[in-house]
Structure formats: structure tokens, C-alpha cells
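Worksheet: one structure, shown below.
Structure representation (C-alpha cells):
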């Protein structure tokens with residue numbers, strides 16, 4: 001299977017496209033490869049694209065005025081990701097995104113996304129439904145931050161994303177959960 | 001201006017509709033009125049609709065196992081709101097939504113939203129773009145929870161939503177910001 005087949009299959013699982021629609025849509029994506037530790041987005045830079053992860057693992061984070069890192073999200077295969085505020089409003093990024101593993105992405109520019117969504121209704125519905133699920137995931141992350149203990153957050157993460165826990169270094173996982181590495185080791189045992 | 005004119009104007013500000021498209025779309029909305037303190041959504045109940053607020057103010061919150069209330073969102077005129085996890089997946093609500101003021105809503109059922117989005121491409125694009133902005137707002141709320149002090153959160157809220165601060169009782173605003181009422185009074189002065 002080529003990378004393009006993977007993307008088509010991903011889109012078709014929500015909104016099937018005809019062959020001619022897909023041929024047209026596919027022209028608007030480009031592929032980008034980055035090595036582990038390279039940046040996909042850096043604070044202060046423009047973010048022309050959103051990204052679909054073909055393979056790899058990306059950490060999105062902010063650095064506060066005391067230099068402390070705060071992790072917003074880990075994203076892996078089949079996730080759409082970007083600094084969406086910077087992307088949607090075409091303003092400089094306020095976050096960093098770097099690769100925790102060698103990674104490969106499809107890139108889609110804002111003007112191309114808007115064009116294909118207005119030309120191919122199935123693509124408008126695809127991105128609408130993905131955005132709805134993304135919104136729900138963020139609502140749940142906020143509720144988790146507001147109401148759950150670190151132990152509950154860890155247990156929910158195991159249930160929802162077991163693959164992620166195996167791939168993310170312990171230090172980063174502890175930071176994401178807002179606990180020390182020692183607490184995380186205790187939770188894991 | 002009727003309530004329907006307000007809704008049409010709201011949609012048209014993002015995706016204009018022809019008169020015949022609007023006549024068709026409008027048939028799928030119903031109006032609901034609630035008094036102050038009435039519930040729009042209660043935990044454990046099904047949530048058939050999402051809501052567009054014609055007038056009023058709604059608080060969305062969860063109650064943790066210790067009985068403590070955690071406020072996810074305040075929503076007012078022209079906001080789309082619901083327990084979106086429960087709505088999208090048609091499962092019982094995990095949150096409460098109650099009216100802080102007498103309120104009036106347009107209600108849209110999930111099956112009707114999907115129908116009009118598949119029949120009228122402009123509506124698919126409208127809800128897609130609204131969902132994108134909603135996603136960004138939640139990303140910013142998470143970043144704010146992770147990186148900002150209560151004082152920074154308060155100052156940002158004044159900048160972004162000055163109208164909201166005037167209408168929300170101090171006790172609820174303090175809870176939303178995660179501070180005591182005393183701290184809030186200090187911030188306000």
C-alpha cells in the first residue's frame with residue numbers, strides 16, 4: 001500500500017470518494033519526512049499547512065515564561081495535527097511540534113483545504129466530522145485536567161491509547177500527565 | 001428581526017445560503033425556552049440535540065466524586081453548545097448544562113444535522129468552519145489551564161469576553177478560573 005492509498009482509505013472510512021474525486025483531492029497533498037528531534041512547527045514561524053501523520057509520533061507543547069515545557073498533545077499515525085490557531089488564522093505559531101520518532105506527513109495548505117472543501121462536498125463533510133471528534137477529544141482532555149487525579153488520567157490513557165504509552169518516553173508521559181517520573185513508575189506498577 | 005432571521009444571519013456570515021436553501025434548512029430547527037436555573041442537559045440523560053443560543057447564558061459543568069463542581073464553559077448568544085460527546089455518540093450525558101439567565105435556543109437533532117450537511121454543501125462547510133474555531137478555542141483553554149496563572153487567565157478573559165464577565169456571578173467566575181472569590185476580588189481591583 002502506498003502512502004496515498006493509506007490516506008484515501010482513511011478519508012473513505014468516513015466519506016467515500018469516487019476515483020475522479022480522489023485523483024483531484026490527492027493532487028493537493030505533499031509529503032514531508034522528518035527525523036527524530038526535528039521540528040515540524042516552531043514558535044514564531046508561520047504554519048501554512050495542517051498535517052496528516054503517515055507514520056511517526058509528534059509532541060505538541062508550549063514553553064511558559066519560566067522555561068517550563070507543557071505538553072498539549074501526542075499525535076501518531078492517522079492523526080491530523082498542526083498549531084491550528086496559527087494555521088487557521090495564518091499568524092505565527094505559539095507552540096512547538098517536534099518528532100519523537102522519525103516521521104512522515106501529508107501536508108495540506110489552508111487555501112487548498114478550503115478549495116477542495118468547497119469543490120468536493122464529501123471533503124467538507126469529512127473535515128467537519130473529523131473536527132467534531134477532535135472537539136470532543138479536547139473537551140474530554142479539559143474535563144480530565146479539571147476533575148481527575150493523575151492516577152485516573154493514567155488509567156484512562158492506557159484504556160484509550162495503549163499503543164501511545166508504549167512509544168512515548170516515560171519522562172514525556174509524566175510531563176503530559178502532570179506528575180513526576182517517580183509517581184508515574186508507581187502508577188505503572 | 002425574528003429568531004430565524006438571527007440564525008440565518010449567523011450562518012450567512014460564514015456560508016451564504018440561497019432563499020430556497022435557507023427555507024429548507026430552517027425547517028429542521030425547533031425553538032426551546034428555559035427559565036433561569038432550569039437544566040438544558042442533565043448527567044445520565046440522552047442528548048438528542050445541539051443548541052444555538054438565541055439569548056441567555058448557559059453553564060456547562062461536571063461534578064466530581066467529591067461533589068465538587070468544575071466548569072467547562074460558559075456559553076451565550078450565538079454560541080453552539082451541547083454535551084458534544086453525548087450528542088455525537090448518542091450516549092447518556094456526562095455533564096450538566098444549566099441556565100444562568102432565562103434562555104432561548106434553537107435545537108437541531110443529530111440526524112437532521114447530518115441530513116442537511118449532506119444535502120446542502122454550504123451547511124457542511126458552515127459546521128466544519130465553526131467546529132474548527134471551536135477546536136482552536138478549546139486548545140487555547142487547555143494551554144491556558146496548563147501554562148497560565150489565575151491572574152493571566154482573568155486578564156485574557158476580560159480581553160476576549162468582556163460581556164461575559166459582567167453577566168456571570170462572581171462565585172461562578174472564580175470557580176471557572178480556579179481561584180477563590182477573595183482572589184478574584186483582588187484581581188478585579
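Residue numbers (full-length UniProt numbering), protein chains in the order written: chain Y, 1 to 189; chain G, 1 to 189.
All C-beta atoms in this analysis are idealised placements derived from N, C-alpha and C, irrespective of residue type, glycine included.
Check, Outcome
"Would you say residue 64 of chain G and residue 147 of chain Y are within 8 Å of each other, going by their C-beta atoms?", "yes"
"Quick one: what does DSSP say residue 133 of chain Y is sitting in, helix, strand or coil?", "helix"
"Using 8 Å as the limit for Cβ to Cβ distance, is residue 74 of chain Y near chain G?", "no"
"Can you check the UniProt domain \"Cyclic nucleotide-binding\" (32-117) of chain Y for any alpha helix (DSSP H) of at least 4 residues that lies completely inside it and give the ranges in chain order?", "84-89"
"Output needed in chain order: residues of the UniProt domain \"Cyclic nucleotide-binding\" (32-117) of chain Y with a Cβ under 7 Å from some Cβ in chain G.", "62, 64, 70, 72, 84, 85, 88 and 117"
"For a test of the three-state rule: what should DSSP assign to residue 183 of chain G, helix, strand or coil?", "helix"
"Indicate whether at least one CB of chain Y lies closer than 8 Å to the CB of residue 153 of chain G.", "no"
"How about residue 158 of chain Y: is its C-beta nearer than 8 Å to some C-beta of chain G?", "no"
"Say whether the region 127-143 of chain Y touches the region 52-71 of chain Y, bearing in mind that this needs 3 or more beta-carbon pairs closer than 8 Å, one atom from each stretch.", "no"
"Work out the CA separation of residue 168 of chain G and residue 162 of chain G for me, nearest whole Å.", "11 Å"
"Please report how far the alpha carbon of residue 190 of chain G lies from the alpha carbon of residue 75 of chain G, in whole angstroms.", "Chain G is shown from 1 up to 189; residue 190 of chain G falls before or after that span and cannot be answered."
"Please name the residue in G:106, G:58, G:32 and G:62 whose C-alpha comes closest to that of residue 11 of chain G.", "G:106"
"Give the residues of chain G in contact with residue 147 of chain Y, contact being defined as C-beta atoms less than 9 Å apart.", "62, 63, 64, 65, 68 and 70"
"Pull up the CB-CB distance for residue 103 of chain Y and residue 47 of chain Y, whole angstroms please, since I reckon it's below 8 Å.", "So it is not a contact: roughly 16 Å between Cβ atoms."
"Keeping to the same chain, check which residues put their C-beta closer than 7 Å to that of residue 91 of chain G; ignore five residues upstream and five downstream.", "none"
"Using alpha carbons as the reference points, say which of G:131, G:123, G:189 and G:126 lies closest to residue 154 of chain G.", "G:189"
"Could you give the first and the last residue of the continuous alpha helix (DSSP H) run that contains residue 11 of chain G?", "3-12"
"My guess is that residue 120 of chain G and residue 25 of chain G are in contact by the Cβ rule of under 8 Å, so how many angstroms apart are they, rounded?", "6 Å"
"Please decide whether residue 141 of chain G counts as near chain Y, where near means a Cβ-Cβ distance under 8 Å.", "yes"
"Here's a check: name, in chain order, each residue in its chain whose Cβ is nearer than 7 Å to the Cβ of residue 61 of chain G, leaving out the five neighbours to either side.", "69, 70, 71, 72, 95 and 96"
"Buried or exposed for residue 1 of chain Y, please, with buried defined as at least 16 other CB atoms from any protein chain shown within 10 angstroms of its CB.", "exposed"
"Applying a beta-carbon distance threshold of less than 7 Å, which residues of chain G neighbour residue 128 of chain Y?", "117, 124, 127, 128 and 131"
"Starting from the Cα of residue 113 of chain G, find the closest Cα among G:158, G:172 and G:27 and give me that residue.", "G:27"
"Within its chain, find whatever has a CB closer than 8 Å to the CB of residue 17 of chain Y; leave out the 5 residues flanking it on each side and keep chain order.", "8, 11, 25, 120, 122 and 123"
"Going by DSSP, what residues sit across from residue 30 of chain Y in a beta bridge?", "Y:107"
"Pick helix, strand or coil for residue 157 of chain Y, following the three-state DSSP scheme.", "helix"
"If you follow the alpha helix (DSSP H) that residue 177 of chain G is part of, which residue opens it and which one closes it?", "170-177"
"Cα-Cα, which of Y:42, Y:53, Y:77 and Y:44 is closest to residue 32 of chain Y?", "Y:53"
"In angstroms, rounded to a whole number, what distance separates the CA positions of residue 5 of chain Y and residue 176 of chain G?", "45 Å"
"Give every residue of the same chain whose Cβ lies closer than 7 Å to the Cβ of residue 89 of chain G, excluding the five residues on either side of it in the sequence, and list them in chain order.", "none"
"Quick one: Cα of residue 182 of chain Y to Cα of residue 145 of chain Y, how far?", "20 Å"
"Looking at the structure shown, is residue 148 of chain Y part of a helix, part of a strand, or coil, going by DSSP?", "coil"
"For the region 164-178 of chain Y, which residues have a CB atom closer than 9 Å to at least one CB atom of chain G, in sequence order?", "178"
"Using only the alpha-carbon positions, how far apart do residue 3 of chain Y and residue 29 of chain Y sit?", "11 Å"
"Is it buried or exposed for residue 13 of chain Y, if we count other Cβ within 10 angstroms and need 16 for buried?", "exposed"
"Residues of chain Y with a CB under 7 Å from the CB of residue 136 of chain G: which are they?", "84, 85 and 88"
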